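Using this note's numbering, you'd call the opening residue of the sequence shown number 517 and step up by one each time.
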Amino acid sequence: MKYQVELQIRAESDSNRIYLWLRSRSETGAGSWFSSLLRRLKKLESDAPNCPRAKEADRFADDLRETYFKTRYGKRYRLVFTILGTQVRVLRIRAPGQRLLRDGGL
Numbered sequence: 517m518k519y520q521v522e523l524q525i526r527a528e529s530d531s532n533r534i535y536l537w538l539r540s541r542s543e544t545g546a547g548s549w550f551s552s553l554l555r556r557l558k559k560l561e562s563d564a565p566n567c568p569r570a571k572e573a574d575r576f577a578d579d580l581r582e583t584y585f586k587t588r589y590g591k592r593y594r595l596v597f598t599i600l601g602t603q604v605r606v607l608r609i610r611a612p613g614q615r616l617l618r619d620g621g622l
């Protein structure tokens, strides 16, 4: 089954914040990060149900799932999402070292 992947407002904000932070250090690095993000979002169209539950899923009512993508230097970023019918809603993008989500964090 093919899913429609959508970034929710907070995930878009996360994406913009991370991209701008990376770009302030390296335009090439920011572009590479964004390409990695897009590749992972594309892959979610087909493999979302195979992704594990998010570590903090028990704290929230929704069935939260997670997946990771890496930069070329191995930094891992985490996508937190939920599946509703044929939609994958990416709720947050978490950078390395960020804490687990808490109440109000979605």
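A virtual CB, placed ideally from N, CA and C, is assigned to each residue, including glycine. Every value quoted in this text rests on a predicted model; they were computed, and no experiment measured them.
| Check | Outcome |
| --- | --- |
| Inter-residue spacing [alpha-carbon to alpha-carbon] between Ile-534 and Met-517 | 31 Å |
| Cβ separation of Ala-546 and Arg-539, assumed to be a contact under 8 Å, to the nearest whole Å | 4 Å |
| CB of Lys-586 within 7 Å of CB of Leu-616, strictly | no |
| Supposed contact pair Arg-594 and Leu-580 - C-beta distance, whole angstroms, cut 8 Å | That pair is no contact at about 11 Å. |
| Beta-carbon gap between Arg-526 and Arg-610 smaller than 7 Å | no |
| Contacts around Gln-603, its chain only, beta-carbon distance under 7 Å, and the 5 residues preceding and following it disregarded | Tyr-519, Gln-520 and Glu-522 |
| Exposure of Ser-551, with buried meaning 16 or more beta-carbon neighbours within 10 Å | exposed |
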